[in-house]
Structures are given as C-alpha cells and as structure tokens.
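Comments concern the structure below.
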C-alpha cells in the first residue's frame, strides 16, 4: 500500500495554522513557513548515503524525524502537500549557475515546482540552500518580483529561463530551466549521482541553510554565517565537531544522528 501525505503532521512541522484553501495567499504562507522550519542539509550525502525520495521516506525524515534535506527532498515533499490541497503542480529540473564560471553547463541537478493558480503559471522552490526562494514567483520575464528575502526575477536565456536573485544590489544567476515536466525516476537518477559520486559537492563538504523571517543561516563546512535581513552578517568558524553539532542542533534545529560515520566526516572537515 502506498503512503499518503500526513497533512496535519506536515502543517504542525512548519507551524502553519492558517487557511489551507488552494489560493496564492496559502501557497505563499506555506512556502515561507516551510523554509523557516525545515532546514536545507546534506548530512546523508556527506557520508555517501542516498536520501529516500519516496513519500514514506520523505515524511519519516523531514516531517517526523526532525531532519532537513536537499532540493529533491524539499520540493518533492512540498509537491505532495500541494497536490493534496488541490493545487496543480508539476516538477521541473534546472542546471545550476550559482557560483559557477561564466559559460558553465552542468547537469539538470536541481528541482523546482511549477504551480498553476487561476490559470496562471507560478514557480516555487523551497530547496536551494542559502538562496532558497521564500516567496512565489509569477512566470514572467524581465520583472523584479519581491519576496520576503529580497527581489528575484526571471530572464530569457537562449530558450531557457534564468532565475536570478538580487544580492547586495547585483543580479546573480541561480539556475537555468525550461518547462519540460520531470517525474520521480528523473529525480531518482540525479539524487543517486549527487549523493554517491565522489566529485559531487554534496559528498565533499558540509552544507546547511535555514531562512527565518529576520535572518538567513548558512553553514559551509566549519564556516557559519548569520545574515541579518537588511543588516550586517555575523561570521564564525566552528573549530570542533562538538561546536558543529551544537550549531546544527540549536541554530538549524536538525536532529543530528549519533552516527560514527557522520562524526568521522565532521572531524575531517577542513579547518
């Protein structure tokens, strides 16, 4: 018997107590709450463990287990929630350009969601780490659109859409995508590659992110940053594995597994 989405448990997990009718306002509230409550993290891929993408596995880890995940986990979980609430949802795939050299063409390694509301297409993405989209974008090009954490826009780019975010006054590219629908097996292939290939950046370093209403938290290996919305950035270096575990548990609210393999991986992070 296939699993069913546990909507009450999900809504409790993200702290959403408002309406659930399939409207733009509900969608925006769910996206913002999801990004604040469920962190981005790669603890499983860091030790070569492939995250489960079936609904039972997603709920066990992200809803009931106090964990976070990366793009496939976040956006697949949200897609199940949105369909159960009556939204028309399709999965898309993107080639990441963030922090890549000009002209770089990578695989379709990122997932985002296409949601139709009142006949109009919108985009949702709760799984892009420190640059996670905390609002809902209309699928229109060359128009800056506000979100709770700064403006985003779409550009036309050689037959693709380019997602951009405004960072310190400059437009930065995040990823390119088209509107070809992706289904579960497409994500399973990318998920396996990203979580097991020795060259995957999810295998070679620790990442965590969480986007709260007044600040954004980011962890890259031992470098912990707190970006205050509209203000300064605090930066800390976490010298010990105990310090890493404390920050993961108390700042990112991750139920960090007591796993010897994970402890060894954290010990080995570059100081």
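Numbering (the UniProt record's numbering), first residue to last: 1 to 271. Glycine included, every Cβ here is placed at the ideal spot set by N, Cα and C. Values in this document were obtained by computation on a predicted structure and should not be read as measured data.
Cβ shell of residue i (< 7 Å), same chain only, five flanking positions each side left out
i, result
"residue 165", "131, 150, 152, 172, 174"
"residue 251", "217"
"residue 39", "68, 208, 209, 210, 252, 253, 254"
"residue 238", "222, 224, 244, 247"
"residue 158", "none"
"residue 229", "149, 214, 215"
"residue 292", "Only positions 1 to 271 of the chain appear in the structure, and residue 292 is not among them; the question remains open."
"residue 62", "38, 68, 69, 73, 77"
"residue 143", "153"
Among the options, the one whose alpha carbon lies nearest that of residue i
i, options, result
"residue 266", "45, 177, 8", "45"
"residue 83", "216, 230, 6, 214", "6"
"residue 95", "81, 146, 110", "110"
"residue 328", "134, 21, 116", "Since the first and last residues shown for the chain are 1 and 271, residue 328 lies out of range."
"residue 64", "123, 13, 40", "13"
"residue 108", "120, 121, 92", "92"
"residue 10", "60, 220, 98", "60"
"residue 43", "203, 37, 226", "203"
"residue 49", "170, 220, 236, 198", "198"
"residue 121", "179, 170, 35", "179"
"residue 176", "201, 170, 141", "141"
"residue 36", "115, 129, 117, 18", "129"
Rounded straight-line distance, which links the Cα of residue j to that of residue i
i, j, result
"residue 76", "residue 162", "21 Å"
"residue 4", "residue 195", "26 Å"
"residue 275", "residue 137", "Any answer about residue 275 is impossible in this case: the structure gives the chain only from 1 up to 271."
"residue 160", "residue 154", "10 Å"
"residue 89", "residue 240", "43 Å"
"residue 212", "residue 181", "30 Å"
"residue 227", "residue 190", "30 Å"
"residue 57", "residue 80", "13 Å"
"residue 242", "residue 185", "38 Å"
"residue 16", "residue 98", "31 Å"
"residue 22", "residue 125", "17 Å"
"residue 187", "residue 220", "24 Å"
"residue 192", "residue 183", "15 Å"
"residue 234", "residue 119", "43 Å"
"residue 34", "residue 54", "19 Å"
"residue 87", "residue 24", "10 Å"
"residue 116", "residue 78", "15 Å"
"residue 8", "residue 168", "38 Å"
Per-residue DSSP class, three states only, for residue i
i, result
"residue 213", "coil"
"residue 91", "strand"
"residue 173", "strand"
"residue 40", "strand"
"residue 80", "helix"
"residue 1", "Low confidence applies to residue 1: its pLDDT is 41, below 50, so where it sits in the model is not reliable, and the reading given next is rough at best. In this structure, residue 1 counts as coil in the three-state DSSP scheme."
"residue 186", "helix"
"residue 46", "helix"
"residue 226", "strand"
"residue 108", "strand"
"residue 133", "coil"
"residue 59", "helix"
"residue 64", "coil"
"residue 31", "helix"
"residue 256", "coil"
"residue 8", "helix"
"residue 233", "strand"
"residue 179", "coil"
Beta-carbon contacts of residue i that lie in its chain and below 6 Å, excluding the five residues immediately before and after
i, result
"residue 47", "261, 262, 265"
"residue 71", "110, 111, 127"
"residue 147", "134, 135"
Close-in-space but distant-in-sequence residues of the same chain around residue i (CB under 8 Å, 5 per side omitted)
i, result
"residue 100", "106"
"residue 259", "47"
Residue i beta carbon near the ligand NAP (any heavy atom closer than 6 Å)
i, result
"residue 134", "What this structure holds is no ligand at all, so the ligand NAP is not there to describe."
Decide yes or no for the touch test of the segment 100-112 against the segment 28-35: beta carbon pairs closer than 8 Å, at least 3 of them. Flag = no, the segment 100-112 and the segment 28-35 do not touch.
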